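Read the structure below first, then the notes.
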Amino acid sequence: VQNQPTLMNFFKKK
Amino acid sequence: MFEARLINSVTFKKVLDAIKDLLNEASFDCSEAGIQLQAMDNSHVSLVSLALRSDGFDKYRCDRNLTMGMNLASMSKIFRCSSNDDTVTIKAQDDADTVTFMFESKKQEKISDYEMKLMNLDQEHLGIPDTDFSCVIRMPAGEFARIVRDLSQFGESIVISCTKEGVKFSTSGDIGSANVKLAQTSSFEKEEEAVIIEMQEPVTLTFACQYLNSFTKATPLANQVQLSMSDNVPLVVEYQIPDLGHLRYYLAPKIEE
Chain C
1 VQNQPTLMNF
11 FKKK
Chain P
1 MFEARLINSV
11 TFKKVLDAIK
21 DLLNEASFDC
31 SEAGIQLQAM
41 DNSHVSLVSL
51 ALRSDGFDKY
61 RCDRNLTMGM
71 NLASMSKIFR
81 CSSNDDTVTI
91 KAQDDADTVT
101 FMFESKKQEK
111 ISDYEMKLMN
121 LDQEHLGIPD
131 TDFSCVIRMP
141 AGEFARIVRD
151 LSQFGESIVI
161 SCTKEGVKFS
171 TSGDIGSANV
181 KLAQTSSFEK
191 EEEAVIIEMQ
201 EPVTLTFACQ
211 YLNSFTKATP
221 LANQVQLSMS
231 DNVPLVVEYQ
241 IPDLGHLRYY
251 LAPKIEE
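Protein chains in written order, with our numbering: chain C, 1 to 14; chain P, 1 to 257.
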């Protein structure tokens with residue numbers, strides 16, 4: 001099963 | 001005072017077409033350097049990053065940094081009222097709550113202006129670090145759009161595998177599976193037809209078709225598209241807008257549970 005993470009899993013909020 | 005003049009309205013139309021699938025509204029950050037936009041789609045899975053350099057405009061003036069929140073559907077309505085070869089001038093006063101788009105026909109016999117209300121958008125910006133990607137693929141933008149469209153018929157996700165030999169796009173679904181392999185071109189007549197791969201490490205990542213399809217709405221902007229991939233970081237899909245700037249999309253890869 002594949003999960004779709006959001007971009008916040010990779011980039012920090014400024 | 002902010003004023004930006006572009007010779008052909010069609011360029012802005014293409015930019016709008018390329019982002020309005022993913023974004024309902026967006027903040028355009030204007031400075032002396034140019035116009036920038038960074039916004040995530042509603043689900044926060046993808047991000048649009050647009051940069052239009054001030055020197056790419058026919059005329060550009062920005063006395064004070066200004067952020068203009070705009071509804072993209074309304075903006076599209078306005079741009080649909082222009083002809084492709086109309087000159088467009090975007091104007092706003094400092095601290096204004098409206099923006100004006102003025103369209104002038106080439107022979108100057110028709111001049112129209114449309115004023116649009118600005119929005120206060122509370123947009124989150126992400127810090128995107130510079131990354132040395134394991135694989136950078138340059139290929140014809142039309143070919144990428146075609147492959148994404150073709151494979152989307154069969155599955156919800158596309159696996160992109162890049163090695164030194166080439167790049168493979170794969171999908172599978174209820175009716176079966178599909179693979180498209182593109183070899184690096186050894187010789188090509190036109191630069192825009194080339195497939196060029198710069199690889200440090202082979203990479204295989206899985207992405208949702210829905211977003212890839214939205215990104216390909218930028219195809220009319222550029223002959224070539226650049227895909228940048230590393231393990232476990234978002235894909236970057238980049239279209240260079242000739243003499244003006246670039247449009248980049250970021251997409252979080254799918255991860256095995």
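Just so you know, even glycine gets a beta-carbon here, dropped at the ideal spot from N, CA and C. Please read all numbers here as calculations on a predicted model, not as lab measurements.
For A252 of chain P and F10 of chain C, the rounded distance between their alpha carbons: Taking the first sequence and counting its residues from 1, one reaches residue 10 of chain C at position 10. Taking the second sequence and counting its residues from 1, one reaches residue 252 of chain P at position 252. Cα to Cα, the separation comes out at about 8 Å.
Where the alpha helix (DSSP H) containing A141 of chain P begins and where it ends: Locating residue 141 of chain P in the second sequence gives position 141, counting from the first residue. From DSSP, the alpha helix (DSSP H) with A141 of chain P extends over A141 to S152.
By the criterion of Cβ-Cβ separation under 7 Å, what are the contact partners of T206 of chain P in chain C? Translated into the one-based positions of the second sequence, residue 206 of chain P becomes position 206. Those are Q2, listed as they occur along chain C.
Using C-beta distances below 6 Å, list every residue in its chain close to S49 of chain P, excluding the 5 sequence neighbours before and after it, in chain order. To locate residue 49 of chain P, count along the second sequence from 1; it is residue 49. Here the set comprises Q38 and R248.
Three-state secondary structure assigned by DSSP to R53 of chain P: Mapped onto the second sequence, residue 53 of chain P falls at position 53. Note: R53 of chain P maps to strand in three-state DSSP.
Could you say which of P:R64, P:M102, P:M119 and P:L118 lies nearest to I111 of chain P if we only look at CA atoms? By 1-based counting over the second sequence, the position of residue 111 of chain P is 111. When each option's Cα is compared against that of I111 of chain P, the closest is P:M102.
For R138 of chain P, which residues in the same chain have their Cβ closer than 6 Å to its Cβ, ignoring the five residues on either side in sequence? Translated into positions along the second sequence, residue 138 of chain P becomes position 138. So the qualifying residues of the chain are I196, Q224 and Q226.
Determine, for L47 of chain P, whether the minimum Cβ-Cβ distance to residues of chain B falls below 8 Å. No chain B is part of this structure, whose protein chains are labelled C and P.
CB K181 of chain P to CB A18 of chain P, shorter than 8 Å? Residue mapping note: residue 181 of chain P aligns to position 181 of the second sequence, counting from 1. Residue mapping note: residue 18 of chain P aligns to position 18 of the second sequence, counting from 1. Taking 8 Å as the Cβ cut-off, K181 of chain P and A18 of chain P do not qualify as a contacting pair.
M116 of chain P vs M70 of chain P beta-carbon contact at 8 Å: Residue 116 of chain P sits at position 116 when you count from the first residue of the second sequence. Residue 70 of chain P sits at position 70 when you count from the first residue of the second sequence. Contact: yes.
For L247 of chain P and chain C, any beta-carbon pair shorter than 8 Å? Taking the first residue of the second sequence as 1, we reach residue 247 of chain P at position 247. False, the Cβ-Cβ gap to chain C never drops below 8 Å.
At which residue ranges does the segment 83 to 165 of chain P contain complete alpha helix (DSSP H) runs of 4 or more residues, listed in the order of the chain? 141 to 152
Residue-chain proximity (S157 of chain P, chain C), Cβ-Cβ < 8 Å: Residue numbering aside, residue 157 of chain P sits at position 157 when the second sequence is read from its first letter. S157 of chain P belongs to the set of residues whose beta carbon lies under 8 Å from a beta carbon in chain C.
Residue span of the beta strand (DSSP E) that contains K14 of chain P, given as start and end: Taking the second sequence and counting its residues from 1, one reaches residue 14 of chain P at position 14. Note, K14 of chain P: premise wrong, no beta strand (DSSP E); alpha helix (DSSP H) at S9 to I19.
Assign G176 of chain P to buried or exposed, taking buried as 16 or more other Cβ atoms, counted over all protein chains shown, within 10 Å of its Cβ. The sequence position of residue 176 of chain P within the second sequence is 176, counting from 1. That one is exposed.
Which partner residues does D29 of chain P have in the DSSP bridge list? Here residue 29 of chain P refers to the residue found at position 29 of the second sequence. DSSP lists P:Q36 and P:T67 as partners of D29 of chain P.
Return the CA-CA distance between T6 of chain C and E104 of chain P, expressed in angstroms with no decimal places. Numbered from its first residue, the first sequence carries residue 6 of chain C at position 6. Numbered from its first residue, the second sequence carries residue 104 of chain P at position 104. Distance between the alpha carbons of T6 of chain C and E104 of chain P is about 42 Å.
Any C-beta of chain C within less than 9 Å: which residues of the segment 99 to 129 of chain P qualify? Listed in sequence order: E124, H125, L126, G127, I128 and P129.
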